[in-house]
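A.B. asks: Per UniProt numbering, residue 1 is the first one in the sequence shown, and the count goes up by one each step. Quick one: this structure, given as C-alpha cells, is what I'll be asking you about.
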Amino acid sequence: MKKVVLLFILFVFSLSQADAQEFHFIPRIGLNLANTYPESFADMRPGLNIGVAEEIRFSKLFALEPGVYYSMQGYQKENAKGETARLKADYLNIPIYAKFYLYRGFHLFAGPQVGFNIRAKASNYIFVSGPTPVHQSEYDFSGDKKEEIRNCDFSVSMGLGYTFDMGLVISANYNLGCTHFFKEPEYSFGGSNHFRGKDHNGVIQFNLGWRF
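Here is the structure:
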C-alpha cells in the first residue's frame, strides 16, 4: 500500500506541473450509505467519509480531481429466523475524477478508485423478541485472518455536484465496486446467515467541502 500511495503522490505532483490554469484544495466530510450488490440488502450501513482532494483546473469546462478519503463501508443482512449479520469494513480510498463543468458551478464527475482495507469485522446477532439479542458472535479480520478478505477494492465512481462562488462544494456520488469482498464463495459466523463472497461494495455518498 505504501508504494501505491507514493505513486499517487508522484502522480499528483506531475499533474501539478502540467499546463493547468488553477489549483484548489478541497477538504471534504460526508455521509456514507453502504451496501453490496448484486444482492441488495434492506438495511445499509451508515458511516462517515472524510478526506481531501486537489482540483486541477485545465479549462473553464474541465478539471482533474485526485483525492484521499477514509471511508466506512459494509452492510447489514437480516433473515426470517431473527438473525442479523453485519459487516463493518473501513477503507482508505483514492479516487481520480474527471470533472466536467456544465453551467456555472454545476458539474458532473466520474473516474476510477482504488481502496485499501484498513479493518473489517463481521458480527452475527440472533433476536427472539425485543431489541436485545439472545446470542452474539463476532469475527475480526485482523492478523492472519486478514488473508480471508481482499485487501484492495477497485471501483468506478460517478456523481454530480455544485461549487458555490464563496467556496462551498456539495456533491453526491455512487461507488460501484468491481472486486469481490471475500476470497471464498461465502462465510457464516455463529448462525445460518451467510456473507456472500461474490458480493461487491456499493456506496452512496453525500459530501460537503470547501474549495481553497
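From the three backbone atoms N, C-alpha and C, an ideal C-beta is built for every residue, glycine too.
1. Compute the Euclidean distance between the alpha carbons of F23 and C178, then round it to the nearest angstrom.
2. Could you tell me the alpha carbon to alpha carbon distance between F181 and L160, rounded to whole angstroms?
3. Quick check on DSSP: helix, strand or coil for E184?
4. Give me the Cα-Cα distance between I118 and D90, rounded to the nearest whole angstrom.
5. For N49, report the span of its beta strand (DSSP E) as first-last.
6. Tell me whether F106 is buried or exposed, calling it buried when 16 or more other Cβ atoms sit within 10 Å of its Cβ.
7. Got a sec, what are the start and stop residues for the beta strand (DSSP E) M158 sits in?
8. If contacts are defined as beta-carbon pairs under 8 Å, then G51 and Q205 qualify, I think. What distance do you get, rounded to the angstrom?
9. Quick check: what's the CA-CA separation for L64 versus A34?
10. Leaving aside the five residues before and after V203 along the sequence, list all residues of the same chain whose C-beta is less than 6 Å from its C-beta, in chain order.
11. Apart from the five residues on each side of it in sequence, which residues of its chain come closer than 8 Å, Cβ to Cβ, to L92?
12. Going by CA-CA distance only, name the one from H200, E184 and I170 that's closest to R28.
13. Considering only DSSP beta bridges, list what D90 is partnered with.
14. Mind checking whether G111 and S157 have CB atoms under 8 Å apart?
15. Distance, Cα to Cα, F154 vs Q113?
16. Who does K99 pair with in a DSSP beta bridge?
17. Between which two residues does the beta strand (DSSP E) containing I204 stretch?
18. Count the other CB atoms, across all protein chains shown, that sit within 10 Å of the CB of residue 225; report buried if there are 16 or more and exposed otherwise.
19. For F25, report the span of its beta strand (DSSP E) as first-last.
C.D. replies: In brief:
1. Distance from the CA of F23 to the CA of C178, rounded to the nearest whole angstrom, comes to 31 Å.
2. Straight-line Cα distance between these residues: approximately 27 Å.
3. Coil, per DSSP.
4. The alpha-carbon atoms of I118 and D90 are separated by roughly 6 Å.
5. First-last of the beta strand (DSSP E) with N49: R45 to R57.
6. If you draw a 10 Å sphere on the C-beta of F106, you find fewer than 16 other C-beta atoms in it, and that means exposed.
7. In the DSSP assignment, M158 falls within the beta strand (DSSP E) that extends over C152 to T163.
8. Contact between G51 and Q205 fails: their C-beta atoms lie close to 11 Å from each other, not under 8 Å.
9. One Cα belongs to L64, the other to A34, and the distance between them is close to 25 Å.
10. Short of 6 Å from the beta carbon of V203, and not among the five residues preceding or following it, lie these beta carbons of its own chain, in chain order: N32, A34, Q73 and N175.
11. The answer, listed in chain order, is M1, V68, Y69, Y70, S71, G115, F116 and I118.
12. In terms of Cα proximity to R28, the closest of H200, E184 and I170 is I170.
13. According to DSSP, D90 bridges with M72 and R119.
14. For G111 and S157, yes; Cβs fall inside 8 Å.
15. Counting only the Cα atoms, Q113 lies some 6 Å from F154.
16. Per DSSP, A63 and F109.
17. Run containing I204: H200 to W210, per the beta strand (DSSP E) assignment.
18. The chain is shown only over 1 to 212; residue 225 falls outside these bounds and no answer can be derived.
19. Residue range E22 to Y37 is occupied by the beta strand (DSSP E) that includes F25.
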